[in-house]
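Report on the structure given below.
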Amino acid sequence: MSVLLLSLLTLAQPQHWDFTSFPADRFADDATGGGLLFDGKTDPVYIEDKSSLPEDAMTVSAWVSIDEPNRWGGIIGCIQDNGDLELGWILGYNESQFTMALSTSGADDGNGKLTYLTSGDATYELGQWYHVSATYDGKTLQLYVDGKRVNQTASQSGSILYNKEMPFTIGGYEDDNELNKFDGRLKSVTLDARPSSAEAIFAQFEEGSTLKSFEPWVDTELDWLVLPYINWPTTTEMSISFETTLPTDAELQACHETGRCTQTLQSSSERLHHFRLTGLEPNEKYFYIVKATDFRGNTIESPRLSFRTAPETEDSFTFIAIGDTQAQAEVVKRVSDVAYSHRPNLVVHAGDLVTTGSNKSHWTGHFFPAMQPLISRVPFMPVLGNHEQDAQHYYDYMVLPEPERYYSFTFGNAEFFMIDGNRSLAEQSEQLNWLEQSLAKSKAKWKFAVLHQPPYTSDSNDYGDTYHTTSTRGDMNARNIVSVLEKYGVDICFSGHVHDYERTFPIAGDKVIPWEDGGVMYVTTAGGGGHLEHFDPTNTWFGHKKANCHHLVYIAIHGDILEFQAIDEFGKLFDLLTLHKGDRVGLNKMEL
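Written out as structure tokens, the structure reads:
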């Protein structure tokens with residue numbers, strides 16, 4: 003049986019650990035090169051005794067084989083990379099390269115500052131064995147792959163910075179707010195509190211170089227990591243995306259429901275595939291199938307799926323508004339299934355898609371599965387919530403109009419203004435200027451704003467403890483947009499963040515004003531799955547309809563008429579209204 007041997011060496015006395023106590027099924031077959039298996043779900047190995055961590059110099063080495071790329075992957079390390087707090091070190095990997103990060107006293111900006119080295123052109127192949135090593139001599143950090151130096155920096159110097167809370171792990175990247183588990187194999191790991199020479203590192207590689215003779219092997223089966231989903235609809239275009247467990251060559255076949263206009267698109271050597279269909283017809287149904295083939299020739303194929311392109315100005319359509327799907331996957335699934343039962347044309351999401359945006363498993367294990375089959379047949383358009391953390395995963399997965407953090411799009415006779423409530427909306431801010439300019443140009447009959455933080459809310463404690471004191475009754479950054487919404491005749495502003503349902507009276511000038519006279523309705527639709535919150539024990543001056551339940555909002559638009567329904571996770575209707583657009587000023591009617 004193969005054994006993972008960890009040797010922690012100090013200038014004073016060597017210390018050795020082995021992992022023979024692991025069960026036999028944790029080790030790969032010797033015919034593949036062996037090694038201790040990590041499946042991407044198993045916790046890292048924790049080294050409790052951190053007294054021998056290197057202080058002024060180090061060499062860290064590993065024989066490693068990676069099954070699953072990870073933007074922040076860890077082999078061995080003791081790290082804290084949380085906002086401005088950057089301490090410790092880690093030997094790791096990203097989606098294609100090996101990495102080494104280090105924080106020392108010489109680069110300390112008060113909270114520590116990490117330098118990340120990558121292996122550059124020395125990329126890795128899944129399932130292949132590599133010897134990865136890094137050295138630090140107090141002045142220079144160097145990274146080696148298979149005995150060759152691939153990168154170095156002199157940006158760090160002095161002693162290595164730690165704090166006592168930092169975990170010391172093998173087979174994972176863990177700090178206060180992240181835990182990315184390793185998927186692959188480790189044959190050996192060595193840590194020495196002395197810098198090794200280039201010759202010594204090459205000798206280590208040579209000693210184990212027989213591992214390079216093994217054919218690439220992974221224990222990961224080809225499957226869908228993320229089933230197909232749809233973004234960014236227009237009258238003539240649609241984006242279809244999916245992710246596989248292994249890099250694949252992929253193909254998308256699409257055709258009109260009558261069989262005409264067949265398109266075939268291809269992409270290669272990716273796990274996350276994005277296809278943009280063009281040249282489509284407005285408000286028409288299309289079928290599509292995606293196929294993906296891995297390096298071993300294994301192929302997976304989706305069922306025959308479908309979508310409808312965006313309607314033209316004169317066409318009727320429906321859409322769903324939801325928010326805060328970040329928790330309780332079983333609730334998210336119920337809400338999304340109720341949404342799909344209405345077969346909407348579009349879904350808009352008010353943010354907090356996931357609990358932790360930087361945690362990939364929250365996307366692949368929670369959000370995307372719970373939103374199926376809805377998002378495989380209905381395009382969805384989100385805004386950033388605070389729980390997305392502005393993480394790269396959001397931008398990797400979503401296909402949205404530029405600049406993505408905020409954007410607008412037209413759909414039928416409506417235009418949606420998708421706002422990032424996490425960034426400044428103050429007067430003269432880039433985003434507020436964009437919003438005003440975009441609204442000024444809009445020719446849409448119906449205008450909707452969507453942002454995560456609510457400009458107005460009757461929540462009990464998000465903006466002040468209403469059981470004991472006062473509250474701003476809304477997010478003050480978001481409040482900056484209300485005068486612009488009023489000025490340009492926005493009909494409804496959808497928000498999330500506060501896990502309940504609320505529809506305000508129409509508001510203008512911080513007063514209740516009839517909708518037909520220019521008041522804007524503010525709808526909090528944050529019942530997608532997050533744990534429910536509570537309302538102010540006393541009604542607010544703008545509070546109208548409230549419900550403490552998981553829910554969605556369904557809207558149907560046909561010409562001058564808007565039908566609005568709020569529906570709970572079990573399909574029960576609990577709020578409705580109809581708006582007659584007319585000229586909006588003096589001629590509109592609102593039925594409640």
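Numbering (the numbering used here), first residue to last: 3 to 594.
Just so it is clear, CB atoms sit at the ideal spot from N, CA and C, and this is done for glycine as well.
If we ignore side chains and look at the alpha-carbon of each, how far apart do residue i and residue j end up?
i: Ser410; j: Thr527; result: 20 angstroms
i: Leu267; j: Phe319; result: 29 angstroms
i: Ser485; j: Ala341; result: 32 angstroms
i: Val334; j: Ala372; result: 6 angstroms
i: Leu579; j: Thr506; result: 12 angstroms
i: Pro114; j: Gly85; result: One point to set straight first is that residue 114 is Gly, not Pro, in the sequence displayed. In a straight line, the C-alpha of Gly114 is about 11 angstroms away from that of Gly85.
i: Gly325; j: Cys495; result: 13 angstroms
i: Met60; j: Gly79; result: 12 angstroms
i: Ala30; j: Val452; result: 50 angstroms
i: Ile162; j: Ser270; result: 42 angstroms
i: Phe204; j: Arg73; result: 27 angstroms
i: Tyr288; j: Gly76; result: 43 angstroms
i: His533; j: Leu254; result: 38 angstroms
i: Ser190; j: Ser53; result: 21 angstroms
i: Gly387; j: Glu208; result: 50 angstroms
i: Asp354; j: Gln567; result: 22 angstroms
i: Pro249; j: Phe297; result: 8 angstroms
i: Thr264; j: Trp226; result: 24 angstroms
i: Leu581; j: Trp517; result: 9 angstroms
i: Gln330; j: Pro403; result: 30 angstroms
i: Pro384; j: Ala352; result: 6 angstroms
i: His389; j: Glu438; result: 27 angstroms
i: Val152; j: Thr120; result: 8 angstroms
i: Gln99; j: Ala124; result: 7 angstroms
i: Phe419; j: Ile377; result: 21 angstroms
i: Tyr397; j: Gly359; result: 10 angstroms
i: Ser135; j: Thr142; result: 14 angstroms
i: Leu229; j: His344; result: 21 angstroms
i: Glu488; j: Ile92; result: 51 angstroms
Given a cut-off of 9 angstroms on the beta-carbon distance, is the pair residue i and residue j in contact?
i: His552; j: Gly530; result: yes
i: Gly491; j: Gln455; result: no
i: Pro346; j: Val401; result: no
i: Tyr138; j: Thr101; result: no
i: Leu104; j: Leu87; result: no
i: Glu97; j: Thr222; result: no
i: Glu332; j: Leu279; result: no
i: Phe321; j: Tyr556; result: yes
i: Glu272; j: Ala256; result: no
i: Gly466; j: Glu504; result: no
i: Leu197; j: Tyr48; result: The amino acid at residue 197 is misidentified as Leu; the sequence shows Pro. Result no, Cβ atoms of Pro197 and Tyr48 do not sit closer than 9 angstroms.
i: Asn285; j: Thr236; result: no
i: Ala480; j: Ser460; result: no
Using 10 angstroms around the beta-carbon of residue i, count the other beta-carbons present and answer buried if the total reaches 16, otherwise exposed.
i: Gly584; result: exposed
i: His276; result: buried
i: Trp543; result: exposed
i: Met523; result: buried
i: Asp519; result: exposed
i: Ile421; result: buried
i: Asn300; result: exposed
i: Gln394; result: exposed
i: Asn165; result: exposed
i: Gly112; result: exposed
i: Thr472; result: exposed
i: Asn179; result: exposed
i: Ile563; result: exposed
i: Pro405; result: exposed
i: Lys183; result: buried
i: Pro457; result: buried
i: His368; result: buried
Any beta strand (DSSP E) of 3 or more consecutive residues that is wholly inside the stretch 108 to 153: You should have 116 to 125, 131 to 138, 143 to 147.
Should the stretch 210 to 218 be regarded as contacting the stretch 359 to 371, the criterion being three or more beta carbon pairs within less than 8 angstroms? Cβ pair count under 8 angstroms is below three, so no.
Between the stretch 432 to 442 and the stretch 299 to 315, do three or more beta carbon pairs fall short of 8 angstroms? The stretch 432 to 442, when compared against the stretch 299 to 315, does not touch it at the 8 angstroms Cβ threshold.
Contact between the stretch 565 to 580 and the stretch 534 to 545 is defined here as three or more beta-carbon pairs at a separation below 8 angstroms; is this criterion met? Touching, no, given that fewer than three Cβ pairs across the two stretches are closer than 8 angstroms.
Flag this pair as touching only if the stretch 238 to 245 and the stretch 55 to 66 have three or more C-beta atom pairs under 8 angstroms; answer yes or no. The answer is no - the stretch 55 to 66 does not touch the stretch 238 to 245, with fewer than three Cβ pairs under 8 angstroms.
Mind pulling the beta strand (DSSP E) runs of 3 or more residues that sit fully within the stretch 367 to 410? Correct list: 382 to 384.
Should the stretch 217 to 233 be called in touch with the stretch 121 to 132, which here means at least 3 C-beta pairs below 8 angstroms? These segments touch.
Would the stretch 309 to 323 count as touching the stretch 402 to 421 if we require 3 or more Cβ pairs under 8 angstroms? Touching, per the Cβ criterion.
In chain order, which beta strand (DSSP E) runs of at least 3 residues are fully inside the stretch 170 to 211? Taking only runs of at least 3 residues, the beta strand (DSSP E) segments lying wholly in the stretch 170 to 211 are 170 to 172, 174 to 177, 180 to 183, 185 to 194.
Could you name each continuous beta strand (DSSP E) segment of 3 residues or more that falls completely within the stretch 11 to 87, going from the start of the chain to the end? Fully contained in the stretch 11 to 87 are the following beta strand (DSSP E) runs of length 3 or more, in chain order: 17 to 20, 38 to 41, 60 to 68, 75 to 84.
Which runs of the beta strand (DSSP E) spanning at least 3 residues fall entirely within the stretch 534 to 594, listed in chain order? Counting whole runs of 3 or more residues, the stretch 534 to 594 contains the beta strand (DSSP E) stretches 545 to 549, 553 to 560, 563 to 570, 575 to 582, 591 to 593.
Minimum length 3: unbroken beta strand (DSSP E) runs contained in the stretch 295 to 368: Secondary structure remark: continuous beta strand (DSSP E) runs of at least 3 residues inside the stretch 295 to 368, in chain order: 301 to 303, 307 to 310, 319 to 324, 348 to 351.
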